[in-house]
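Structure first, then comments.
2 protein chains.
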Amino acid sequence: MSVSSEFQAANSTYVACFGDKGSLALPPAKKLAIVTCMDARIDPAAHLGIQEGDAHIIRSAGGVAKEAIRSIIISQQLLGTREIAVFHHTDCGMLTFTTPQLQDKLLAEHPQHADIIKSIDFLPFPDLEQSVKDDVKFLKDHPLVIKETKITGWIYDVHTGTVCILTALYQHKHSL
Amino acid sequence: MSVSSEFQAANSTYVACFGDKGSLALPPAKKLAIVTCMDARIDPAAHLGIQEGDAHIIRSAGGVAKEAIRSIIISQQLLGTREIAVFHHTDCGMLTFTTPQLQDKLLAEHPQHADIIKSIDFLPFPDLEQSVKDDVKFLKDHPLVIKETKITGWIYDVHTGTVCILTALYQHKHSL
Numbered sequence: 001m002s003v004s005s006e007f008q009a010a011n012s013t014y015v016a017c018f019g020d021k022g023s024l025a026l027p028p029a030k031k032l033a034i035v036t037c038m039d040a041r042i043d044p045a046a047h048l049g050i051q052e053g054d055a056h057i058i059r060s061a062g063g064v065a066k067e068a069i070r071s072i073i074i075s076q077q078l079l080g081t082r083e084i085a086v087f088h089h090t091d092c093g094m095l096t097f098t099t100p101q102l103q104d105k106l107l108a109e110h111p112q113h114a115d116i117i118k119s120i121d122f123l124p125f126p127d128l129e130q131s132v133k134d135d136v137k138f139l140k141d142h143p144l145v146i147k148e149t150k151i152t153g154w155i156y157d158v159h160t161g162t163v164c165i166l167t168a169l170y171q172h173k174h175s176l
Numbered sequence: 001m002s003v004s005s006e007f008q009a010a011n012s013t014y015v016a017c018f019g020d021k022g023s024l025a026l027p028p029a030k031k032l033a034i035v036t037c038m039d040a041r042i043d044p045a046a047h048l049g050i051q052e053g054d055a056h057i058i059r060s061a062g063g064v065a066k067e068a069i070r071s072i073i074i075s076q077q078l079l080g081t082r083e084i085a086v087f088h089h090t091d092c093g094m095l096t097f098t099t100p101q102l103q104d105k106l107l108a109e110h111p112q113h114a115d116i117i118k119s120i121d122f123l124p125f126p127d128l129e130q131s132v133k134d135d136v137k138f139l140k141d142h143p144l145v146i147k148e149t150k151i152t153g154w155i156y157d158v159h160t161g162t163v164c165i166l167t168a169l170y171q172h173k174h175s176l
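Here the protein sequences come in this chain order: C and R.
The UniProt record's numbering applies: residue 1 is where the first sequence begins, and numbers increase by one.
The UniProt record's numbering applies: residue 1 is where the second sequence begins, and numbers increase by one.
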């Protein structure tokens, strides 16, 4: 069965149990934005108990705050969120390479696109805990993140399913 | 109960039922990357029947392909995915504003940060179906997306939970 057929079969089951989710409001009920990795082993709704309507979930390679900032500004300015939880995770692919290494791999395949390749920062990080602290600090210090935002930093363990809070809950602009 | 306490309580339940998920491989089993919106009403794993280990899930305001390209290159080059499914959805916040409008709102609050504000393209779109077609074409034409990638474009209806395929499955570099 193709992925498209699988999607449609699974979706029929979901729609049959959709209940009253069609009346959920656009703004997240918990006024919360979660930033986490795209990693296939991670289901943030499942491991955090998030229901449809609760929270914005922003995901990318690594769950890096720098790339999430566009979404976070929209989330705060237009949809009223006032809390951000940043999750990075053990065994993350972003711990395994550097931007120059991936650029070299791409350059070997596409030498004619050197300009595009060299323009991309792939945003890997060499240290898991430090990456969470750095991203929380980035958000805390960002001039367009609303001042009273609560920001927490977390690590998800892909081998146990456990979440661990790394940075205590605090208000934006206060020190870590 | 604070959000952090809620996370930890829900996570305890998840961990208790974690089973053998700790041995899942890093590369996605379905060799699939899904791009979709951060919208709180959307649970892509639930509405598509995606299990832990199956697929990369990339989410942002709108689920726009342009911002997802860094993650997609990492997904393809380092973790072997060869299919991309792009989902946008009805009643999306990205249909409700323009970049200059949001910039003006931010400028009124932070006139001292005009340079940062004016540097951000918030990537809204005025037409839902066209935005899916545009993003599929963007990925199809991108020189760093692997040539044989299967790419599909979809719309998710937040009022019914239904997914609808908008662009037929096709190989990268073939016309829509």
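For glycine and all other residues, C-beta sits at the position ideal for the given N, C-alpha and C.
Keep in mind the model is a prediction, meaning the values are calculated, not measured.
query, result
"Limits of the unbroken beta strand (DSSP E) element including residue 151/R", "150–156"
"Close beta carbons around residue 73/C, own chain, < 7 Å, minus the five adjacent residues each side", "144"
"Through-space distance from residue 32/R to residue 85/R, alpha-carbon basis", "8 Å"
"As assigned by DSSP and simplified to three states, the class of residue 35/C", "strand"
"Three-pair Cβ contact test at 8 Å for the region 15–22 of chain C versus the region 158–166 of chain R", "yes"
"Contacts of residue 77/R in chain C (Cβ-Cβ under 8 Å)", "102, 105, 106"
"Where residue 175/R falls, given that 16 or more other Cβ within 10 Å makes a residue buried", "Confidence in residue 175/R is poor, its pLDDT being 43 and thus under 50, which makes the residue's placement unreliable; the coordinate value appears in the next sentence. Residue 175/R is exposed by the Cβ-count criterion."
"DSSP-derived helix/strand/coil call for residue 165/R", "strand"
"Nearest-angstrom Cα separation, counted from residue 129/C out to residue 173/C", "With a pLDDT of only 49 at residue 173/C, under the threshold of 50, the placement of this residue in the model should not be trusted, and no figure is reported."
"Proximal chain D residues relative to residue 71/C, where beta-carbon distance stays under 7 Å", "Of the protein chains in this structure, namely C and R, none is chain D."
"Segment contact, 8 Å Cβ cut-off, at least three pairs: the region 50–63 of chain R with the region 56–73 of chain C", "yes"
"CA nearest to the CA of residue 69/R, picked from 162/R, 166/R, 140/R, 127/R", "140/R"
"Interface flag, residue 41/C vs chain R, CB-CB below 8 Å", "yes"
"Residue range of the beta strand (DSSP E) that includes residue 177/R", "Nothing in the structure corresponds to residue 177/R, since chain R is present only between 1 and 176."
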